[in-house]
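Presented below is the structure to which this report refers.
Residue numbers (this note's numbering): 73 to 441.
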């Protein structure tokens, strides 16, 4: 078909540029330095237990039809308490939650200001809405203030608490201060801080004591919490609004019981085992201390680490070298990251041994000698 021919040409072009993507199954013989399972909770059997009485295999409908169950409302009450919010509303993933909030809350005549390195789901959510939107320079408070002074209507500032490709934190205190000065609303995607930061794993906003100054917080459970799904935390008014106006909530089949149960079990396990995060922080320090000075690495105190390469081709070659050495690591290429900032993304985990981390660093150092 003609359509297939056009698609084949586009794929050929991507292959020639070195940015071709393909599905790759994880090899159990390789050491995991790739997954977002930072604390290893996805592999703990007692979290994913089936010892509870059978309820259902699926919610069998959207929440507004037949799919609203007691277990959804019980978990939302638990999440609101856990994340220090007035309310919580479940979504099927962090990607969908961001689409749901950003496509429905900002209105025509409003302005959305988002960090230029925001995840694609943030950008797509804003584009689905009717508000005007602009990027501000990454973590640049001065540029944010310049943009906010030119903004119209209600202003929404959208950031990630921890950025998924660089592993650096947003300056949330400064952002909240700017927002209060100009009466703007702050929306924070907590995907890569959920279940990590804070004594109980309640994320960076709560760890900084800013939860009451942030309009909406999006928590994702498919990473450090070791489960699946997401929740939007904020006021009761925000929850009721999303139930009425978020298409991504209204028209989606609700999460099944097993997913809901696993979310609660995962967060409870993290709360009861704070040593997992404390141990992981020591392993992050070990990794950074073992790299030689001629290795260009990210400045990150998060499990997300990375080695910057010159271009897509050299990044793929470096990743292949590490794969052949027994490390499950993936290259990150443009357009996921800007051209010239392609990198091998390395995720450290609580279950990675000191020997494995040291061995990885030795291979990295040898490659760049």
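Glycine included, every Cβ here is placed at the ideal spot set by N, Cα and C. Being a predicted model, the structure only gives us computed values, none of them experimental.
Beta carbon of residue i nearer than 8 Å to that of residue j
| i | j | result |
| --- | --- | --- |
| residue 234 | residue 276 | yes |
| residue 422 | residue 90 | no |
| residue 161 | residue 193 | no |
| residue 429 | residue 355 | yes |
| residue 339 | residue 391 | no |
| residue 323 | residue 134 | yes |
| residue 374 | residue 210 | no |
Cα-Cα separation between residue i and residue j, rounded to whole angstroms
| i | j | result |
| --- | --- | --- |
| residue 176 | residue 261 | 16 Å |
| residue 222 | residue 216 | 10 Å |
| residue 413 | residue 187 | 17 Å |
| residue 169 | residue 203 | 18 Å |
| residue 81 | residue 73 | 13 Å |
| residue 105 | residue 241 | 21 Å |
| residue 196 | residue 400 | 30 Å |
| residue 142 | residue 115 | 27 Å |
| residue 434 | residue 368 | 15 Å |
| residue 337 | residue 119 | 5 Å |
| residue 236 | residue 167 | 13 Å |
| residue 282 | residue 438 | 44 Å |
| residue 228 | residue 304 | 16 Å |
| residue 341 | residue 154 | 13 Å |
Same chain, Cβ closer than 6 Å to residue i, five either side skipped, listed in chain order
| i | result |
| --- | --- |
| residue 199 | none |
| residue 182 | 203, 225 and 226 |
| residue 432 | 399 |
| residue 440 | 366 and 367 |
Counterpart residues of residue i in DSSP-defined beta bridges
| i | result |
| --- | --- |
| residue 205 | 184 |
| residue 163 | 302 |
| residue 369 | 379 |
| residue 241 | 234 |
Contacting residues, own chain, Cβ-Cβ under 8 Å from residue i (five flanking each side not counted)
| i | result |
| --- | --- |
| residue 102 | 395, 398, 399 and 400 |
| residue 416 | 378, 379, 381, 387, 390, 391, 394, 401, 402, 403 and 404 |
| residue 98 | 104, 106, 107 and 400 |
| residue 219 | 185, 206 and 208 |
Sequence-distant residues of its chain with Cβ nearer than 7 Å to residue i (five each side left out)
| i | result |
| --- | --- |
| residue 138 | 132 |
| residue 164 | 301, 324 and 327 |
Are three or more beta carbon pairs between the segment 103-111 and the segment 294-301 nearer than 8 Å? Flag = yes, the segment 103-111 and the segment 294-301 touch.
So does the segment 324-331 actually touch the segment 115-129, counting three or more Cβ pairs closer than 8 Å? yes
Determine contact between the segment 301-316 and the segment 151-169, defined as no fewer than three beta-carbon pairs at a distance below 8 Å. The segment 151-169 and the segment 301-316 touch, with three or more beta-carbon pairs separated by less than 8 Å.
Kindly confirm or deny that the segment 242-257 and the segment 280-294 touch, where touching means at least three C-beta pairs closer than 8 Å. yes
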